[in-house]
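Colleague: Chains as they are written, first to last, in my numbering: chain A, 1 to 616; chain B, 1001 to 1083.
Starting off with a structure, shown below.
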Ligand code: SF4
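Next up, the structure:
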């Protein structure tokens, strides 16, 4: 059955660790990971609670295929109420800790309350205990990881932890695992810090058994791996160029958000692209990219391992940054690069290292810096506010400085840690914040990719590309090519992507498999592993149920349907160049149809019929 | 007419020596097609997954249509994706 059927509940207030049975009736309706943890959150947490107060809970959760031999079966998620958006947060990460948690015998760890002192959770199979983190508080992710490995004298220990940014209240702090994989978005690390929980260190040696039909599972997994290997994207494109191959594509179609989304093409894109990461540097003849890397059990291996040029100003006299570390993904490269106007590959690689080192979401960080740069250009922020830092667009030295300050919560880094929305409000220009529901945009301008506008506006965690990645269809032709500038049919497309992604995010698999796999490839793997009937239709039904549950949590948290919108800039100011020249995002043409397809009222409320259909 | 060909990712190997990172320019007879441009540089048609003319995707039939005009930029990728 792939589920271990066991939950570890940690009461941080009293310091107790208790095992309990997984609610299998809920598992049958919500599968695992994103869906199942959201069900627990929804049942146990008052959606109106203070996200950073003791009444919020933080759930680390695996899917039924996490830790199995399925390709990419190493995913885990962190689910909580977000301090950035005030809505449900679900941040998904790869690496190895999800599989380790499962190998230790746990489907889920629920943290509740607040510890009186900094602690970390140590788990070794059935043994779980809270230990003092007095010596870890104030340390970076990388230092914490090293200290825990030394303390436990176990090189195979897997660690997920927060850095200094979370401790200092940065509202988009991440939980970083395995040094450079992150549950990155929506400030899940900030919630962890609010509970005085520094780290989770896990060692699991039990293996993952309980597969319903072992022979059928092996057959389904083998067939799935063959599809990934034979597919040009998952077999060649992603391992070679990573997600960063998109830099030139998205720039080419005129949907590259640039300089706080004022422009839609970045003249420096080719300097910071996936291809540029392969080019030998002038100084030492080595490329930025050292090698690719995979998460647990992954046969795609899209991860990047990179170096910064030792002579670059950002790492001069800092040998601790001269080695290999987690390199740029497209989202980070976009936010740190084109959105700030910085085209210095070494600078943005270094800043990406800093984001990993201290647990900062690079998307929200880069987008907030971009907003600060526009506020500075407009005169709303001056050097008197920044401690003398010139926040002009395009300045790599400014980007580097702000990353170092935000990592430690010092100086103007405190303001950057507020996120774009609160920063722009603080300085009196809220319209300059490029956010939906207080979360910063990812790397696709919805004027040039219309469906993404609807996906952003309706995403249950604020602006996000991973809730419904219609870029696959609108730009990349997966599974079928649609016109990125058309609005017809996009409501249906967005809904289909949202529901399918919610199901995949609940399985333990990586959503990048869906560049090659359809639900026809995924459902048989889940079905062979898990008791019950997990047909394609059931998976999609579960996905839709999860979507509605998240919406319901958000509405109960106080969200209103008028927040299903985009910043005025994207609705009123037309794109200035490229194929989308003259276009805004036509959200109003898509949103009513989307509500109707969802079975919601014209003002975005879930109808009683829809509630009944999904048992909400 | 003069058109610009841009090749990305694994297709960069088809650029002639001395090409500028991703791009090369060439003369083509009026009424040429995108496929003819690819043939000129030996880019296998089946590897040209994303073909953009001035940023706009060309569907399969359009790649055989004589729609190139002077100053066009044709940018080509193999199957790629990210996120
Ligand atoms: S495809 Fe990339 S992100 Fe997904 S599991 Fe594999 S290496 Fe990790």
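Glycine included, each C-beta is placed from N, C-alpha and C at the ideal position.
1. Take every Cβ of the region 585-596 of chain A, pair it with every Cβ of the region 448-458 of chain A, and state whether three or more of those distances are shorter than 8 Å.
2. For a contact meaning CB atoms closer than 9 Å, what does residue 275/A contact in chain B?
3. Would you say the beta carbon of residue 238/A is closer than 7 Å to some non-hydrogen atom of the ligand SF4?
4. Under 8 Å, do residue 618/A and residue 497/A count as touching if we go by C-beta distance?
5. Is there at least one Cβ from chain A nearer than 8 Å to residue 1018/B's Cβ?
6. Give a yes or no on contact between the region 96-111 of chain A and the region 130-139 of chain A, applying the rule of three or more CB pairs nearer than 8 Å.
7. Compute the Euclidean distance between the alpha carbons of residue 469/A and residue 548/A, then round it to the nearest angstrom.
8. Within 8 Å, do at least three Cβ pairs link the region 209-227 of chain A to the region 399-408 of chain A?
9. Find the residues of chain B that neighbour residue 579/A, judging by a C-beta separation of less than 8 Å, and give them in chain order.
10. For a contact defined as C-beta to C-beta under 8 Å, what are the partners of residue 515/A on chain B?
11. Given a cut-off of 8 Å, decide if residue 508/A and residue 32/A are closer than it, judged by their beta-carbon atoms.
12. For a cutoff of 8 Å on Cβ pairs, would you count residue 512/A as touching chain B?
13. For residue 374/A, count neighbouring Cβ atoms within 10 angstroms of its own Cβ and tell me buried if that reaches 16, exposed if not.
14. Considering only their Cβ atoms, is the gap separating residue 236/A from residue 629/A smaller than 8 Å?
15. CB of residue 67/A to nearest heavy atom of the ligand SF4: below 7 Å?
16. Do residue 614/A and residue 47/A have their beta-carbon atoms positioned less than 8 Å apart in this structure?
17. Using a Cβ distance threshold of 8 Å, determine whether the region 172-188 of chain A contacts the region 357-364 of chain A, with at least three qualifying pairs required.
18. Scan the region 108-191 of chain A and note each continuous beta strand (DSSP E) run of 3 residues or more that stays entirely inside, going in chain order.
19. Which of the three DSSP states is assigned to residue 213/A in this structure?
20. Quick one: using the 10 Å Cβ neighbour count with 16 as the cut-off for buried, is residue 100/A buried or exposed?
21. Does residue 1075/B have its Cβ less than 8 Å from a Cβ in chain A?
22. Closer than 9 Å, Cβ to Cβ, to anything on chain A: give me those residues from the region 1029-1053 of chain B, in chain order.
23. Determine, using beta carbons only, whether residue 1078/B comes closer than 8 Å to chain A.
24. Give a single yes or no on whether residue 294/A has its beta carbon closer than 7 Å to a heavy atom of the ligand SAM.
25. Locate the beta strand (DSSP E) running through residue 11/A, then write down its first and last residues.
26. Residues of chain B with a CB under 8 Å from the CB of residue 233/A: which are they?
27. Run through chain B and tell me which residues come within less than 9 Å of residue 246/A, C-beta to C-beta.
28. Can you confirm whether the region 64-77 of chain A touches the region 294-306 of chain A when touching is taken to mean that 3 or more C-beta pairs between the two stretches lie within less than 8 Å?
29. I'd like the list of long-range same chain contacts for residue 1009/B, defined as Cβ closer than 7 Å, with 5 residues on each side in sequence excluded.
30. Mind checking whether residue 187/A and residue 197/A have CB atoms under 8 Å apart?
31. Please tell me whether, using a cut-off of 7 Å, the distance from the CB of residue 617/A to the nearest non-hydrogen atom of the ligand SF4 is below it.
32. So what's residue 101/A in DSSP terms, helix, strand or just coil?
33. Per DSSP, which one or two residues make a beta bridge with residue 292/A?
34. Quick one: does the C-beta of residue 363/A sit closer than 7 Å to a heavy atom of the ligand SF4?
35. If I follow the unbroken beta strand (DSSP E) through residue 1077/B, where does it start and stop?
36. Looking at C-beta atoms only, is the number of pairs between the region 1029-1045 of chain B and the region 569-583 of chain A that lie closer than 8 Å three or more?
Modeller: Once the coordinates are examined:
1. When Cβ pairs closer than 8 Å are counted between the two stretches, the region 585-596 of chain A is seen to touch the region 448-458 of chain A, the count reaching three or more.
2. Listed along chain B are 1008, 1009, 1012, 1021, 1022, each with a C-beta nearer than 9 Å to that of residue 275/A.
3. A heavy atom of the ligand SF4 is found nearer than 7 Å to the CB of residue 238/A.
4. The requested residue 618/A is not part of the displayed model; chain A covers only 1 to 616.
5. Residue-level contact check: residue 1018/B does not touch chain A, since none of the beta carbons of chain A fall below 8 Å from its beta carbon.
6. Flag = no, the region 96-111 of chain A and the region 130-139 of chain A do not touch.
7. Here the C-alpha atom of residue 469/A lies approximately 18 Å from the C-alpha atom of residue 548/A.
8. They do not touch, by the three-pair rule.
9. Taking the beta carbon of residue 579/A as reference, the chain B residues within 8 Å of it are 1054, 1055, 1056, listed in sequence order.
10. Correct list: 1081.
11. In this structure, residue 508/A lies closer than 8 Å to residue 32/A by Cβ.
12. It does; some Cβ of chain B falls within 8 Å.
13. By the neighbour-count definition (other C-beta atoms within 10 Å, threshold 16), residue 374/A is a buried residue.
14. The structure shown does not extend to residue 629/A, since chain A is modelled only from 1 to 616, so the question has no answer here.
15. Checking the Cβ of residue 67/A against the ligand SF4 gives no.
16. In this structure, residue 614/A does not lie closer than 8 Å to residue 47/A by Cβ.
17. Output reads yes: the region 357-364 of chain A touches the region 172-188 of chain A.
18. Counting whole runs of 3 or more residues, the region 108-191 of chain A contains the beta strand (DSSP E) stretches 108-112, 119-124, 127-132, 158-161, 175-177, 181-183.
19. The answer is coil: DSSP assigns residue 213/A none of H, G, I, E or B.
20. Answer is buried; the Cβ neighbour count reaches 16.
21. It does: the Cβ of residue 1075/B has a partner Cβ on chain A nearer than 8 Å.
22. Residues passing the 9 Å Cβ filter: 1047, 1049, 1050, 1052.
23. Interface with chain A (8 Å Cβ-Cβ cutoff): residue 1078/B is included.
24. Looking for the ligand SAM in the displayed structure turns up nothing; the ligands present are the ligand SF4.
25. Following the DSSP letters along the chain, one finds residue 11/A inside the beta strand (DSSP E) bounded by residues 6-11.
26. Within 8 Å Cβ-Cβ: 1079, 1080, 1081.
27. Correct list: 1080, 1081, 1082, 1083.
28. Contact between the region 294-306 of chain A and the region 64-77 of chain A is present, with at least three C-beta pairs closer than 8 Å.
29. Spatial neighbours of residue 1009/B in its own chain (CB-CB distance under 7 Å, excluding positions within 5 residues in sequence) are listed in chain order as 1077, 1078, 1080.
30. Judged by beta-carbon spacing, residue 197/A lies beyond the 8 Å limit of residue 187/A, meaning their Cβ atoms are not closer than that value.
31. Chain A is shown from 1 up to 616; residue 617/A falls before or after that span and cannot be answered.
32. Helix, per DSSP.
33. Its beta-bridge partners are 304/A.
34. Not so, every heavy atom of the ligand SF4 lies at least 7 Å from the Cβ.
35. Counting along the chain, the beta strand (DSSP E) containing residue 1077/B begins and ends at 1073-1077.
36. Taking 8 Å as the limit for Cβ pairs, the verdict is that the region 569-583 of chain A does not touch the region 1029-1045 of chain B.
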